[in-house]
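Colleague:
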Amino acid sequence: MPRSDATWSHRRQQWRAYARRFRRTALTAGRSQEFVSSCLRYAERLAAGGLPVVYDQEHLSRLVGVKAEYLRAVSNWAKPFYHRYVIAKRSGKPREIAAPLPILKAVQRWILREILAQLPATRYSKAYEAGCSIRTNARFHLRQPVLLLIDIQDFFPSIELPRVYRLFRDVGYRRDVAAMLAGITTLDKCLPQGAPTSPHIANLICRRIDARIGGFCLPQKVRFTRYADDIAISGDFDHVRMIRFVQRVLADDRFVMACGKTRVRFQHQRQCVTGVIVNEYRQADRKVRRRLRQEAYFISRFGLADHMQRCEIEQSNYRQHLAGKANHVRFINRSDRDAAHMLRVLSQLDGKEKLSG
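Counted from 1, the sequence shown has number 239 at position 239 by my numbering; the numbering is strictly sequential.
#1: Is the beta carbon of residue 83 closer than 7 Å to that of residue 73?
#2: Return yes when the Cβ of residue 276 is within less than 7 Å of the Cβ of residue 332, no when it is not.
#3: From which residue to which residue does the beta strand (DSSP E) around residue 224 run?
#4: In whole angstroms, what separates the C-alpha of residue 184 from that of residue 167?
#5: To the nearest angstrom, how far is it from the Cα of residue 102 to the Cα of residue 67?
#6: Just how far apart, CA to CA, sit residue 204 and residue 121?
#7: Inspect the beta-carbon positions of residue 198 and residue 156 and report whether they are closer than 7 Å.
#8: Counting pairs of beta carbons, one from the segment 128-137 and one from the segment 260-275, are three or more of them closer than 8 Å?
#9: Using alpha carbons as the reference points, say which of 190, 330 and 124 lies closest to residue 160.
#10: Does DSSP classify residue 2 as helix, strand or coil?
#11: Once DSSP output is grouped into helix, strand and coil, what is the label at residue 100?
#12: Spatial neighbours of residue 53 within its chain, please: CB distance less than 7 Å, with the 5 preceding and 5 following residues excluded, ordered by chain position.
#13: Residue 25 to residue 32, Cα distance in whole Å?
#14: Short check: CB of residue 127 to CB of residue 278, under 7 Å?
#15: Rounding to the nearest angstrom, what Cα-Cα distance links residue 315 and residue 304 in this structure?
#16: Would you call the segment 102-120 and the segment 211-227 touching, i.e. three or more CB-CB distances under 8 Å?
#17: Looking at the unbroken beta strand (DSSP E) that takes in residue 316, where does it start and where does it end?
#18: For residue 35, count neighbouring C-beta atoms within 10 Å of its own C-beta (all shown protein chains included) and say buried if the count is 16 or more, exposed if not.
#19: Quick one: what's got a C-beta closer than 6 Å to residue 114's C-beta in the same chain, skipping five residues either side?
#20: Specify the secondary structure class of residue 217 as computed by DSSP and reduced to three states.
#21: Pull the bridge partners of residue 360 from the DSSP assignment, please.
#22: Determine the DSSP secondary structure at residue 142, reduced to helix, strand or coil.
#23: Starting from residue 85, trace the beta strand (DSSP E) both ways and give me its first and last residue.
#24: Run through the DSSP bridge pairs and tell me what residue 187 is partnered with.
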């Protein structure tokens with residue numbers, strides 16, 4: 001039996017057992033047959049999709065293990081339940097991160113695990129999905145004559161509360177439940193960058209965009225992927241016509257194309273998708289690899305402490321920083337020599353410290 005058929009059969013068995021228990025319990029409690037039938041009609045659609053049945057806001061609070069008063073407070077005014085901070089970016093304006101406080105984060109993780117994870121994104125979405133990464137995203141665009149890169153401007157802030165509410169309504173939740181779920185997963189009436197639920201909600205909201213762009217590219221044998229707000233299109237195509245089409249598709253879904261970040265790269269130029277060079281094979285940026293090579297040379301010659309002193313490096317976790325960079329480069333290309341050499345140099349430092357200790 002195919003896996004999808006087995007999953008469906010299992011869900012049907014679970015549903016029949018649930019319906020029997022619910023009917024027996026409700027009738028014993030004095031509920032009418034009409035009430036039971038109404039509840040089961042509502043629940044059956046959710047169960048068929050593998051979603052948890054949530055009858056009302058009180059029921060949701062019991063499922064997540066948090067008082068309903070807390071959930072209502074978050075849903076009505078979420079600001080006090082977030083910690084905000086700013087991350088500086090090399091280019092462009094700083095990025096504001098809104099990290100939910102522990103209880104709210106636990107509730108959002110429940111929503112992500114029990115509800116959102118059951119709703120699949122499209123095959124074109126390569127960020128925040130199981131088995132996807134910048135490496136797998138870049139694989140689709142190797143050795144292509146033309147590479148078009150388009151950014152969506154203010155991606156998370158563009159996804160506003162009414163659209164999140166509609167997402168939960170469309171999968172079958174009642175108005176009051178959908179309103180609470182949308183309130184818990186938004187901040188200032190839009191998706192917060194920093195909440196665990198935001199990336200997957202964004203991918204689900206973008207399903208129509210993905211389908212339209214993918215449907216336009218497929219007959220032309222043109223490759224298309226979306227990594228969060230980064231759209232990559234590669235192959236042999238008219239890039240001017242493609243830009244106009246994507247801009248129109250985004251506008252239809254109330255997104256704006258960041259025109260200043262649109263890039264077209266041909267095969268003789270450096271082609272880079274989400275930080276990965278794709279001209280011939282997947283490789284990290286040459287500047288990053290060259291820097292690793294230089295750092296490894298100076299550390300081997302002078303030692304880590306002396307190198308840091310010479311370069312006036314005061315970063316307390318500098319060794320971990322270098323190891324992280326090297327591992328990132330090796331993640332992109334497992335056979336990268338510069339990254340492997342840096343990791344060997346750092347490993348030798350560890351051995352020398354053990355001997356001196």
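Virtual Cβ for every residue (Gly too), placed ideally from N, Cα, C.
Modeller: Taking the structure as given:
#1: Within the sequence shown, the letter at position 73 stands for residue 73. Within the sequence shown, the letter at position 83 stands for residue 83. Going by C-beta atoms, residue 73 is not nearer than 7 Å to residue 83.
#2: What you label residue 332 is simply residue 332 of the sequence shown in a count that begins at 1. What you label residue 276 is simply residue 276 of the sequence shown in a count that begins at 1. For residue 332 and residue 276, yes; Cβs fall inside 7 Å.
#3: On the sequence shown, position 224 is the one that residue 224 refers to. Its beta strand (DSSP E) spans residues 223-227.
#4: As a position in the sequence shown, residue 184 is number 184, starting the count at 1. As a position in the sequence shown, residue 167 is number 167, starting the count at 1. Those two C-alpha atoms are separated by around 14 Å.
#5: Walking along the sequence shown from the start, residue 102 turns up at place 102. Walking along the sequence shown from the start, residue 67 turns up at place 67. Distance between the alpha carbons of residue 102 and residue 67: 15 Å.
#6: For the purposes of this step, residue 204 is taken as the residue at position 204 of the sequence shown. For the purposes of this step, residue 121 is taken as the residue at position 121 of the sequence shown. Their Cα atoms are separated by approximately 5 Å.
#7: In the sequence shown, residue 198 corresponds to position 198, counting from 1. In the sequence shown, residue 156 corresponds to position 156, counting from 1. In contact: residue 198 and residue 156 (Cβ atoms closer than 7 Å).
#8: yes
#9: Along the sequence shown, one-based indexing puts residue 160 at 160. Answer by Cα proximity: 190.
#10: Looking up residue 2 in the sequence shown gives position 2. Any reading at residue 2 must be qualified, since the residue scores a pLDDT of 43, below 50, and its modelled position is unreliable; no value is offered.
#11: Sequence index remark: in the sequence shown, residue 100 carries index 100 (1-based). Strand, per DSSP.
#12: Taking the first residue of the sequence shown as position 1, residue 53 is located at position 53. Result list for residue 53: 43, 46 and 47, in chain order.
#13: Taking the sequence shown and counting its residues from 1, one reaches residue 25 at position 25. Taking the sequence shown and counting its residues from 1, one reaches residue 32 at position 32. Each residue's alpha carbon lies about 11 Å from the other.
#14: Counting from 1 along the sequence shown, the entry for residue 127 is found at position 127. Counting from 1 along the sequence shown, the entry for residue 278 is found at position 278. No; because the gap between Cβ atoms is not below 7 Å, this pair is not in contact.
#15: Against the sequence shown, residue 315 aligns to sequence position 315. Against the sequence shown, residue 304 aligns to sequence position 304. Their Cα atoms are separated by approximately 12 Å.
#16: no
#17: As a position in the sequence shown, residue 316 is number 316, starting the count at 1. Residue 316 -> no beta strand (DSSP E), and no H or E assigned at all.
#18: The residue you call residue 35 lines up with position 35 of the sequence shown. Exposed: under 16 other Cβ atoms inside 10 Å.
#19: As a first step, residue 114 must be located in the sequence shown, where it is residue number 114. Correct list, in chain order: 52.
#20: Within the sequence shown, residue 217 is the residue found at index 217, counting from 1. Residue 217 falls in the helix class under three-state DSSP.
#21: This structure does not reach residue 360, given that the chain is present from 1 up to 357, and the question cannot be answered.
#22: For the purposes of this step, residue 142 is identified with residue 142 of the sequence shown, where counting begins at 1. Three-state DSSP puts residue 142 in coil, outside helix and strand.
#23: Taking the sequence shown and counting its residues from 1, the one referred to as residue 85 is at position 85. Counting along the chain, the beta strand (DSSP E) containing residue 85 begins and ends at 82-87.
#24: As a first step, residue 187 is located in the sequence shown; it is residue number 187 there, counting from the start. Beta-bridge pairing links residue 187 to 190.
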